[in-house]
Amino acid sequence: MTDLSHIRNFAIIAHIDHGKSTLADRLIQHCGGLSEREMSEQVLDSMELEKERGITIKAQTVCLTYKSRLGQTYELNLMDTPGHVDFSYEVSRSLAACEGSLLIVDASQGVEAQTLANAYLAIDANHEIIPVLNKIDLPASEPQKVREQIEEVIGLDANNAIEVSAKSGLGIEDVLESLINNLPSPEGDKDNLLQALLIDSWYDSYLGVVALVRVKNGRIVKGQKIRMMAAGKSYQIDRVGVFTPARTEKSELGPGEIGFVTASIRAVADCQVGDTITDDKRPVDTALAGFKPSVPVVFCSVFPSDAAEYEDLRDSLEKLHLNDASFHFEAESSAALGLGFRCGFLGLLHMEIVQQRLQREFNLELVATAPSVVYSVHLTDKSQIDLHNPSDFPDVTRIKEIEEPWIKANIIVPDDYLGAVLQLCTDRRGEQIDLTYVGNRAMAVYRLPLNEVVFDFYDRLKSISRGYASFDYEIESYRPSDLVKVDLLINGDPVDALSMIVHRSQSETRGRALCTRLKELIPRQLFKVALQAAIGGKIIARETVGAMRKDVTSKCYGGDITRKRKLLEKQKAGKKKMRQYGNVEIPQTAFIEALRMDDN
Numbered sequence: 018m019t020d021l022s023h024i025r026n027f028a029i030i031a032h033i034d035h036g037k038s039t040l041a042d043r044l045i046q047h048c049g050g051l052s053e054r055e056m057s058e059q060v061l062d063s064m065e066l067e068k069e070r071g072i073t074i075k076a077q078t079v080c081l082t083y084k085s086r087l088g089q090t091y092e093l094n095l096m097d098t099p100g101h102v103d104f105s106y107e108v109s110r111s112l113a114a115c116e117g118s119l120l121i122v123d124a125s126q127g128v129e130a131q132t133l134a135n136a137y138l139a140i141d142a143n144h145e146i147i148p149v150l151n152k153i154d155l156p157a158s159e160p161q162k163v164r165e166q167i168e169e170v171i172g173l174d175a176n177n178a179i180e181v182s183a184k185s186g187l188g189i190e191d192v193l194e195s196l197i198n199n200l201p202s203p204e205g206d207k208d209n210l211l212q213a214l215l216i217d218s219w220y221d222s223y224l225g226v227v228a229l230v231r232v233k234n235g236r237i238v239k240g241q242k243i244r245m246m247a248a249g250k251s252y253q254i255d256r257v258g259v260f261t262p263a264r265t266e267k268s269e270l271g272p273g274e275i276g277f278v279t280a281s282i283r284a285v286a287d288c289q290v291g292d293t294i295t296d297d298k299r300p301v302d303t304a305l306a307g308f309k310p311s312v313p314v315v316f317c318s319v320f321p322s323d324a325a326e327y328e329d330l331r332d333s334l335e336k337l338h339l340n341d342a343s344f345h346f347e348a349e350s351s352a353a354l355g356l357g358f359r360c361g362f363l364g365l366l367h368m369e370i371v372q373q374r375l376q377r378e379f380n381l382e383l384v385a386t387a388p389s390v391v392y393s394v395h396l397t398d399k400s401q402i403d404l405h406n407p408s409d410f411p412d413v414t415r416i417k418e419i420e421e422p423w424i425k426a427n428i429i430v431p432d433d434y435l436g437a438v439l440q441l442c443t444d445r446r447g448e449q450i451d452l453t454y455v456g457n458r459a460m461a462v463y464r465l466p467l468n469e470v471v472f473d474f475y476d477r478l479k480s481i482s483r484g485y486a487s488f489d490y491e492i493e494s495y496r497p498s499d500l501v502k503v504d505l506l507i508n509g510d511p512v513d514a515l516s517m518i519v520h521r522s523q524s525e526t527r528g529r530a531l532c533t534r535l536k537e538l539i540p541r542q543l544f545k546v547a548l549q550a551a552i553g554g555k556i557i558a559r560e561t562v563g564a565m566r567k568d569v570t571s572k573c574y575g576g577d578i579t580r581k582r583k584l585l586e587k588q589k590a591g592k593k594k595m596r597q598y599g600n601v602e603i604p605q606t607a608f609i610e611a612l613r614m615d616d617n
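Mind the numbering: the sequence shown is residues 18 to 617 in my numbering, read in order.
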C-alpha cells in the first residue's frame, strides 16, 4: 500500500478542445503507463463515439507511477474530464474524488466559457488549482495576456502557470513536479472502518457491474464482504485493481486510492453512483455526502422501431443509466409508436449521445420524439396535471391555463458580442434583470422560458459569441403563458413524434421551419407528399415533397402526341391511387435531424 503522503489525486479540467486528453496522453507516456507501441491519440477516449467526434464524453481515470527529480516515487491518480456543458455532472463527480485540479487554458484562445464554469466547479469542491497554459508552440499564443485573463476573470494567481505543449511534450515534467509539490496529499486512516465513495460504474457482460471507487478510510481487500449502504445489499469482492490505463489487479486498495472493484453484481439497481461502500460485518454509521442529484432539463420519448424489442430497450437503458447517472427514464406509451420510455437529459448534445450509444452499444433501432420541458396544466374542473409529452395535450376546451417553467440565467460575455446576446435573449421572450461589468466582460442576468432554451439556445449563444459566452442557470418558477400545440401532418396524418408545444407568437415560425426541414430530409416517394403544420384544425404552414417521375414516354419516339398523352394520364391516375394507399417512409435520421432547427 502506498504511503498517503506519496499519493496525489487530480482532475484535468478545461474548455472544449483546449487539450485535456492530449495532455493526459503525454502524462501517461512520461510515466511509462503505456509503451510507445501501445500509445494512440486520446488513449483515454476509449468510446467509439468519443474518437469519432473528437470530444470526451465519459470521465476516465488512470493510476500512474512517477519518480520525482529527488528520486522519490509517487502514485498519481489522474481523471480526464469532459469539456462540454452537457457533461458537467461527469466533471463534478470526478472532482469529488480528487484534492486538486489542472486547469488547462489554450494560450492562443485564452479563457473561454467552460474554462470559467469548470474552474468554479473546482473552487466549489475546495480544490487546489494549478493553471497550465497549453499550445505554447503555436505562433498565435500569448501566454502573458492569458495569465492576466486568468487573474482578472477567474481570480486565480497565474504567475506560476506552467507553459506546456501537450502535442510535442514540452514542459510535461514541470507539470508532474508541480503536482507533487503544490497539491495536497489525501487524508484517511487505513485502520479505520471501511468508507469508500462509489464514483462511477458500468456493466461488463463477463464481470457484471464494475464499480469505480475512491477509498476514504479503511481498506478494500479481495475476498472481503462489502455492503452498499443506500441499496442495503451485500456482496463478496472478486477483483480489486487500478487502471494503468490497462486493467491491473491488486490485492487491496487503501485510503486515498482510486480503483475498481467487481463482486458479481448482476442487479444494476444495487450500484448507485454516490453510494457509500462499507464492510458488511463492521459497517460505518454515517454514509459519505455523495453527489447532488442531476436535474434533467430536456425530455424526449424513445421507442423501439420494433415493438418486440421493448424489453431489450429497458435492459439497455438500465445498463446505460449505470454508466451515466445524469439521465433519467420512466415507461410510457404512445398511440402511434407503442410502448417506450420518457427520458430526461441535461441538454440536446447529451440527448443525442445517449441515443447514439443505445444504437451502437446495444444494437437498437430507435424512434425519438421532439425535445420538450414539463408544463403545468390547470384544467377547468380545478384539477392540475404535469404535461411531459405534447401527445398528451388535453382538449383545448378543458384547459383553464398553462404554466411553463422559467429560469434565471447568468450570461458572461465579452463586450464585443453583448448586443447580439441581448438580442437573442429578447427574441426568446427574455426579461432583463441586471447588467454589470467585470473587466472587459459583461454579465447579463435574464429570466427566460425554459422551452426557448432547450431547442438550440446553447448553439445560437456559442455561435454569435464565437464560444466566449458562458451560460448557467437555475429553475426559478412556473408562470402562465399562451402556449399552443403544433401538430405535424404528413399527407393528412398527424405524426405525434414531431408534435411540439410552443408560444403562440412563435408557432407559425416554428411550424414553417419544421416543414421546410422535413422537406429536405424525407426522400422523394412515387407520389407527392404534403407536409403541414397545424394548430387544432387550422393549417399554419405547408410544404410539398415532389414525386419521383419515371419517363413513361421514353419508348414513344415520333408518332401521334395522343399516344404520349395517354401514357402520362395513365401514370397520373396511378400516382393518385398510390397517394391514397401509399405509406410515406420516414428515415430514423429525419426525426433527429428535423429537431436541429436553426433560427436562420
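Where is the CB? At the ideal position from N, CA and C, for every residue including glycine. In this text, all values refer to a predicted model and were calculated from it rather than measured experimentally.
- Residues that DSSP places opposite M460 in a beta bridge: Taking the first residue of the sequence shown as position 1, residue 460 is located at position 443. Residue pairing of M460 in beta bridges, as defined by DSSP: I429, T453.
- Message: Here's the rule: buried if 16 or more other CB atoms are within 10 angstroms of the residue's CB, otherwise exposed. What is N26?
- Response: By 1-based counting over the sequence shown, the position of residue 26 is 9. Counting Cβ neighbours within 10 Å, N26 comes out buried, since at least 16 surround it.
- Take V257 and list the residues in its own chain whose beta-carbon comes closer than 8 Å to its own, dropping the five residues that flank it on each side. Here the question's residue 257 lines up with position 240 in the sequence shown. Correct list, in chain order: I237, V238, K239, E266, K267, S268, E269, L270, G276, F277, V278.
- Beta-ladder partner(s) of I153, from DSSP: Sequence index remark: in the sequence shown, residue 153 carries index 136 (1-based). Partner residues in a beta bridge of I153, as assigned by DSSP, do not exist.
- Query: Given a threshold of 16 other Cβ atoms within 10 Å of its Cβ, counted over all protein chains shown, does G364 qualify as buried or as exposed?
  - Reply: Taking the first residue of the sequence shown as 1, we reach residue 364 at position 347. Answer is buried; the Cβ neighbour count reaches 16.
- Span of the beta strand (DSSP E) holding E266? Along the sequence shown, read from residue 1 onward, the residue named residue 266 stands at position 249. For E266, the enclosing beta strand (DSSP E) starts and ends at 264-266.
- Query: Can the beta-carbon of L465 be found closer than 9 Å to that of G447?
  - Reply: Mapped onto the sequence shown, residue 465 falls at position 448. Mapped onto the sequence shown, residue 447 falls at position 430. Closer than 9 Å, so yes.
- Message: Is the separation between the beta-carbon of I121 and that of K37 shorter than 9 Å?
- Response: On the sequence shown, residue 121 is found 104 positions in, with the first residue counted as 1. On the sequence shown, residue 37 is found 20 positions in, with the first residue counted as 1. In contact: I121 and K37 (Cβ atoms closer than 9 Å).
- Message: Spatial neighbours of V108 within its chain, please: C-beta separation below 8 Å, excluding the five flanking residues on both sides.
- Response: In the sequence shown, residue 108 corresponds to position 91, counting from 1. Apart from sequence neighbours up to five positions away, the residues of its chain that approach V108 with a beta-carbon distance below 8 Å are A28, I30, A76, T98, P99, N135, L138, ordered along the chain.
- Residue range of the alpha helix (DSSP H) that includes S109: Residue 109 sits at position 92 when you count from the first residue of the sequence shown. That run of the alpha helix (DSSP H) goes 105-113.
- Task: Please name the residue, chosen from S343, P313, E378, R299, that lies closest to L330 on a Cα-to-Cα basis.
- Result: Within the sequence shown, the letter at position 313 stands for residue 330. When C-alpha distances from L330 are compared across S343, P313, E378, R299, the shortest belongs to E378.
- Can at least three beta-carbon pairs, one atom from the stretch 217-235 and one from the stretch 191-200, be found at a separation below 8 Å? With a cut-off of 8 Å, the stretch 191-200 and the stretch 217-235 do not count as touching, because too few Cβ pairs lie within range.
- Query: On the three-state DSSP scale, how would you describe R596?
  - Reply: For the purposes of this step, residue 596 is identified with residue 579 of the sequence shown, where counting begins at 1. Caution is warranted here: a pLDDT of 49 is assigned to R596, below 50, making its placement in the model unreliable, and no coordinate value can be reported.
- Query: Where DSSP assigns a beta bridge to P466, which residues make up the other side?
  - Reply: For the purposes of this step, residue 466 is taken as residue 449 along the sequence shown, with counting starting at 1. Residue pairing by DSSP places P466 opposite W423 in a beta bridge.
- Three-state secondary structure (DSSP) at N135? By one-based count along the sequence shown, residue 135 stands at place 118. Collapsing the DSSP output to three states places N135 in a helix.
- Message: By alpha-carbon positions, which one of V519, M460, Y392 ends up nearest to E469?
- Response: Residue numbering aside, residue 469 sits at position 452 when the sequence shown is read from its first letter. For E469, the closest alpha carbon among the candidates V519, M460, Y392 is that of V519.
- Inter-residue Cα distance where the pair is N402 and S393: In the sequence shown, counting from the first residue as 1, residue 402 sits at position 385. In the sequence shown, counting from the first residue as 1, residue 393 sits at position 376. The amino acid occupying residue 402 in the given sequence is Ile; Asn does not appear at that position. Those two C-alpha atoms are separated by around 6 Å.
- Going by alpha carbons, who is nearest to R299 out of N199, D341, A342, D208? Here residue 299 refers to the residue found at position 282 when the sequence shown is read from its first residue. If we check each option's Cα against that of R299, D208 comes out closest.
- Task: Please state whether DSSP places D332 in a helix, a strand or coil.
- Result: The residue you call residue 332 lines up with position 315 of the sequence shown. In the structure shown, D332 sits in a helix (DSSP, three-state: H, G or I).
- Cβ atoms of S487 and Q131: under 9 Å apart, would you say? Mapped onto the sequence shown, residue 131 falls at position 114. Mapped onto the sequence shown, residue 487 falls at position 470. Against a cut-off of 9 Å, the Cβ pair of S487 and Q131 comes out as a contact.
- Message: Relative to the C-alpha of A248, which candidate in E169, I282, L478, L441 has its C-alpha closest?
- Response: Reading the sequence shown from its first residue, position 231 is the one you call residue 248. Among E169, I282, L478, L441, the Cα nearest to that of A248 belongs to I282.
- Where R458 falls, given that 16 or more other Cβ within 10 Å makes a residue buried: Locating residue 458 in the sequence shown gives position 441, counting from the first residue. Burial state of R458 is buried, judged by a 10 Å Cβ sphere holding 16 or more other Cβ atoms.
- Can you say whether L210 is buried or exposed, counting buried as having 16 or more other CB atoms within 10 angstroms of its CB? Position 193 of the sequence shown holds residue 210. Here L210 is exposed: its Cβ has fewer than 16 other Cβ atoms, across all protein chains shown, within 10 Å.
- Item | Alpha-carbon to alpha-carbon, M460 and E382 | Residue numbering aside, residue 382 sits at position 365 when the sequence shown is read from its first letter. Residue numbering aside, residue 460 sits at position 443 when the sequence shown is read from its first letter. Using only the alpha carbons, I get a separation of about 44 Å.
- What is the residue span of the beta strand (DSSP E) that L548 lies within? Taking the first residue of the sequence shown as 1, we reach residue 548 at position 531. Element bounds for L548: 546-552.
- Message: Can you look up I33 in the DSSP assignment and give me helix, strand or coil?
- Response: Position 16 of the sequence shown, counted from the first residue, corresponds to residue 33. Coil.
- Task: Leaving out five residues on either side along the sequence, give the residues of the same chain with a beta carbon under 7 Å from the beta carbon of L339.
- Result: Against the sequence shown, residue 339 aligns to sequence position 322. Answer for L339: S218, W219, Y220, V226, V285, C288, listed in chain order.
- Task: Would you tell me roughly how many angstroms separate the C-alpha atoms of Q253 and R244, rounded to the nearest one?
- Result: The residue given as residue 253 occupies position 236 in the sequence shown. The residue given as residue 244 occupies position 227 in the sequence shown. Whole-angstrom Cα-Cα distance: 9 Å.
- Query: Is the Cβ-Cβ distance between V371 and L337 less than 9 Å?
  - Reply: Counted from its first residue, the sequence shown places residue 371 at position 354. Counted from its first residue, the sequence shown places residue 337 at position 320. Taking 9 Å as the Cβ cut-off, V371 and L337 qualify as a contacting pair.
- Any idea what DSSP makes of T533, helix, strand or coil? Numbered from 1 along the sequence shown, position 516 holds the residue referred to as residue 533. Of the three classes helix, strand and coil, the one that applies to T533 here is helix, per DSSP.
- Query: D42: buried (16+ other C-beta within 10 angstroms of its C-beta) or exposed?
  - Reply: Taking the sequence shown and counting its residues from 1, one reaches residue 42 at position 25. Around the beta carbon of D42, a 10 Å sphere encloses 16 or more other beta carbons of the protein chains shown; the residue is thus reported as buried.
- Message: Within 10 Å of its beta-carbon, does A178 have 16 or more other beta-carbons around it, so buried, or fewer, so exposed?
- Response: To locate residue 178, count along the sequence shown from 1; it is residue 161. Counting C-beta atoms within 10 angstroms of its own C-beta, A178 has 16 or more neighbours from the protein chains shown and is therefore classed as buried.
- Message: Helix, strand or coil for Q166? Go by DSSP, reduced to three states.
- Response: To locate residue 166, count along the sequence shown from 1; it is residue 149. DSSP places Q166 in helix when its eight states are reduced to three.
- Message: Measuring only the C-alpha atoms, how far is C360 from N380?
- Response: Along the sequence shown, one-based indexing puts residue 360 at 343. Along the sequence shown, one-based indexing puts residue 380 at 363. Approximately 19 Å, taken between the alpha carbons.
- Where the alpha helix (DSSP H) through C360 begins and ends: Position 343 of the sequence shown holds residue 360. Annotation: C360 is outside any alpha helix (DSSP H); the continuous beta strand (DSSP E) that includes it extends over 355-362.
- Alpha carbon to alpha carbon, what distance is there between L81 and V259? In the sequence shown, counting from the first residue as 1, residue 259 sits at position 242. In the sequence shown, counting from the first residue as 1, residue 81 sits at position 64. Whole-angstrom Cα-Cα distance: 10 Å.
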